[in-house]
Structures are given as structure tokens and as C-alpha cells.
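Undergrad: First, the structure itself, so that you have it in front of you.
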Amino acid sequence: MCGDHTRHSYGGALAVLSPPLRSTRFMPPEMTGRLTFHDCGKGSSLATHITFTPDETSTSNSAVGLDSCVVAIHETGDLTKSAIISPFLYKFSMTQGLPTEQLEQQVGSIEVPLSHPMKIEVGGDGIIGRRVTLWSQHAVDPIAEGIIGYN
46 MCGDHTRHSY GGALAVLSPP LRSTRFMPPE MTGRLTFHDC GKGSSLATHI TFTPDETSTS
106 NSAVGLDSCV VAIHETGDLT KSAIISPFLY KFSMTQGLPT EQLEQQVGSI EVPLSHPMKI
166 EVGGDGIIGR RVTLWSQHAV DPIAEGIIGY N
């Protein structure tokens with residue numbers, strides 16, 4: 046494998062969130078980071094929780110404003126379409142998120158229990174390979190996006 050060999054796999058699924066490709070707006074740096082879909086260390090192929098961890102390069106070490114955000118998992122992984130016209134497979138709010146206390150998590154991470162488990166697999170109802178977007182409840186465009194892959 047190429048790249049950074051110092052990062053350990055924690056299982057589950059991971060999406061690195063970056064500014065949307067089609068956006069001309071400025072995105073607050075605390076909204077870039079990682080979304081991890083996991084089962085709290087149980088080793089299952091179902092995600093029961095999602096954790097947002099802000100980038101280390103963020104000017105803020107907290108997820109301020111994330112509680113007013115919605116996460117959408119799209120039907121495909123196509124980033125060439127506008128997120129507004131790309132159909133959703135799943136959609137949920139980050140309002141129920143709580144700060145994490147885990148040592149391996151960066152300060153400012155928040156964890157949200159999912160209302161229903163999501164399959165960590167490719168195809169069907171699985172979330173691997175799909176586009177994920179982060180939306181402010183007060184904006185018409187997503188504020189971050191990425192593709193979900195294995196962690």
C-alpha cells in the first residue's frame with residue numbers, strides 16, 4: 046500500500062469531509078474533518094454510531110455549530126452531480142451528539158447514536174462507496190462532502 050502507514054484501522058467506515066467541489070462559498074474550517082461510522086468496538090458489520098472529528102488543522106478544536114447540521118448519505122458516490130439533485134439513501138440530524146471522552150479521539154469530537162443500524166458493506170443498503178454530505182439546516186448547499194470507505 047502507498048501513503049501514510051502510521052494510521053491504524055479501527056474498523057467500521059470512514060468519510061473524510063472536505064469543502065464541496067461545486068461550492069463557491071467559504072466553509073468554516075471546523076466543519077472539515079472525519080465522519081466515522083462504527084459499532085462502539087463490537088466488531089459488527091453494522092454501524093450503530095457516527096463520530097465527527099474535526100481536522101487537526103482546524104482553527105477551532107470543537108464542532109461548534111454541528112448540532113444544527115444534517116448528514117445525508119446519497120444513493121451513489123457520484124460527485125459530478127450537484128448534491129441538491131442527488132437522491133438520499135439515509136438522512137439524520139447531528140443534534141443528539143455528545144462530546145466523546147475516548148483517548149484516541151481528538152478534542153472536539155462528537156458522537157451520535159444512529160436511529161437505525163447501517164450496513165458497512167458495498168451495494169444494496171450498504172454505505173461503502175456512497176457520497177456523504179453535511180448540511181447546515183440554514184443553508185441551501187452542503188457545507189462539506191466526501192465518499193464513505195472502509196476504515
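Every number in this note's numbering is 45 more than the matching position in the sequence shown, counting from 1.
Even glycine gets a Cβ: it sits at the ideal position worked out from N, Cα and C.
Taking the alpha-carbon positions, what's the residue 92 to residue 189 distance?
TA: Going by the C-alpha atoms only, they are around 21 Å apart.
Undergrad: Quick one: residues in its chain with C-beta nearer than 8 Å to the C-beta of residue 124, no 5 flanking neighbours on either side, listed in chain order?
TA: These residues qualify, in order along the chain: 66, 176, 190, 192.
Undergrad: Could you tell me which uninterrupted beta strand (DSSP E) segments, each at least 3 residues in length, are contained entirely in the stretch 106–191, listed from first to last along the chain?
TA: Runs of the beta strand (DSSP E) inside the stretch 106–191: 114–119, 133–138, 155–164, 176–181.
Undergrad: Taking C-beta to C-beta, are residue 165 and residue 82 nearer than 8 Å?
TA: The answer is yes: Cβ separation under 8 Å.
Undergrad: Starting from residue 96, trace the beta strand (DSSP E) in both directions and tell me its first and last residue.
TA: Its beta strand (DSSP E) spans residues 91–99.
Undergrad: Taking its Cβ as the centre, do 16 or more other Cβ atoms sit within 10 Å of residue 184, making it buried, or is it exposed?
TA: The residue in question, residue 184, is exposed, as its Cβ has fewer than 16 Cβ neighbours within 10 Å.
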